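Enquirer:
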């Protein structure tokens, strides 16, 4: 007979989770060596597109690992460490990394304020910490998340940074993404067709980043379209929830009016 697995034994899904954590660390390393250090050495130097695109691509790969580790854990046997590893890896890739992106953007962007950008970066980090803690503590009905999932929140924050908007509007947009992560708005879990669509979107986004980094014709346009699409996707859920709630209220009012007429 096969001996029972140790509680510390890593499953196949756990290795995907660890890959997510590795991607988060390498993204931070890429931004530090390719954007922050060159800016400190030569403040007039333009940020390196290759390093920025590499960092974002690593986080997109990390989001793919995060997507597949849950699917693999459901198909195969998960370990006792799986849930804890998942939260720690998500904190690195979708909490610390995007917060670091915001902080570095505040250092290298024209007309920025380091203190304000650091405060907003801290807001992003704390939002992810609270989001992950609530995910572990609060049981939701099947098929939905409460609050915007951390991978989507992280990629939305980074999409805003890549667009390099005016500083204060950019900070407000980043704060809005952080708020959506800790909100009570319900987002669907990426399962079935939605998981396939998410995977396709990640592949398309990586292609847009590659075109932008290599300076291909239309690369800037592709990057901007991809970033705007990411922000639009993140904003769709709360708008749909508001529309649904308004529709429910209108339906309730009509039902009460119909009952009063019958009465």
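Numbering (the working numbering), first residue to last: 968 to 1230.
Ideal Cβ placement from N, Cα and C applies to all residues, glycine included.
Since the structure is predicted, the reported quantities are computational estimates derived from the model, not experimental observations.
Starting from the C-beta of residue 1067, find all residues in its chain whose C-beta is less than 6 angstroms away, skip the five residues before and the five after it, and write them out in chain order.
Expert: Excluding positions up to five away in sequence, the list reads 995.
Enquirer: In this structure, does DSSP put residue 1158 in helix, strand or coil?
Expert: Residue 1158 falls in the coil class under three-state DSSP.
Enquirer: On the DSSP letters alone, give me the boundaries of the alpha helix (DSSP H) that residue 1061 sits inside.
Expert: Premise fails: residue 1061 is in no alpha helix (DSSP H) and is neither H nor E.
Enquirer: My output table needs one value for residue 968: the three-state DSSP class, helix, strand or coil.
Expert: The predicted position of residue 968 is uncertain, since its pLDDT is 40 and thus under 50; a value taken from the coordinates is nonetheless stated next. Coil.
Enquirer: Quick one: complete alpha helix (DSSP H) runs, 4+ long, within the segment 1058–1104?
Expert: Complete alpha helix (DSSP H) runs here, min 4: 1064–1075 and 1081–1104.
Enquirer: Excluding five sequence neighbours on each side, which residues of the same chain lie with their C-beta closer than 8 angstroms to the C-beta of residue 1151?
Expert: Counting only Cβ-Cβ distances below 8 angstroms, and skipping sequence neighbours, we find 1113 and 1114.
Enquirer: Do you know how far the Cα of residue 1056 is from the Cα of residue 987?
Expert: So the alpha carbons of these two residues sit roughly 6 angstroms apart.
Enquirer: Which value, in whole angstroms, describes the spacing of the CA atoms of residue 1140 and residue 1158?
Expert: Cα to Cα, the separation comes out at about 28 angstroms.
Enquirer: Is the segment 1121–1129 close to the segment 1022–1031, with three or more CB pairs under 8 angstroms?
Expert: Result yes; three or more Cβ-Cβ pairs closer than 8 angstroms.
Enquirer: Suppose contacts are defined by Cβ-Cβ distances below 7 angstroms. Is residue 1171 in contact with residue 1031 by that definition?
Expert: Contact flag unset, no.
Enquirer: Can you tell me whether residue 997 is buried or exposed, with buried defined as 16 or more other CB within 10 angstroms of its CB?
Expert: Buried, because 16 or more other Cβ atoms sit within 10 Å of the Cβ of residue 997.
Enquirer: Taking the straight line between their C-alpha atoms, what separation do you get for residue 1200 and residue 1207?
Expert: The alpha-carbon atoms of residue 1200 and residue 1207 are separated by roughly 11 angstroms.
Enquirer: Taking 7 angstroms as the cut-off, decide whether the C-beta atoms of residue 1131 and residue 1046 are in contact.
Expert: It is not a contact, given that the beta carbons lie outside the stated cut-off.
Enquirer: When the Cα atoms are used, what is the spatial distance from residue 968 to residue 977?
Expert: Since pLDDT at residue 968 reaches only 40, below the 50 mark, its modelled position is unreliable, and no value is offered.
Enquirer: Would you list, in sequence order, the uninterrupted alpha helix (DSSP H) runs of no fewer than 4 residues that lie entirely inside the segment 1146–1205?
Expert: Correct list: 1160–1180.
Enquirer: Taking the Cβ atom as the reference point for each residue, do residue 1010 and residue 1002 lie within a distance shorter than 7 angstroms?
Expert: Not in contact: residue 1010 and residue 1002 (Cβ atoms no closer than 7 angstroms).
Enquirer: Do residue 979 and residue 1043 have their beta-carbon atoms positioned less than 7 angstroms apart in this structure?
Expert: Cβ atoms of residue 1043 and residue 979: closer than 7 angstroms.
Enquirer: Using a Cβ-Cβ cutoff of less than 7 angstroms, which residues in the same chain neighbour residue 1059 once the five nearest sequence positions on both sides are dropped?
Expert: If we look at residue 1059 and ignore the five residues flanking it on each side, its Cβ neighbours are 988, 991 and 992.
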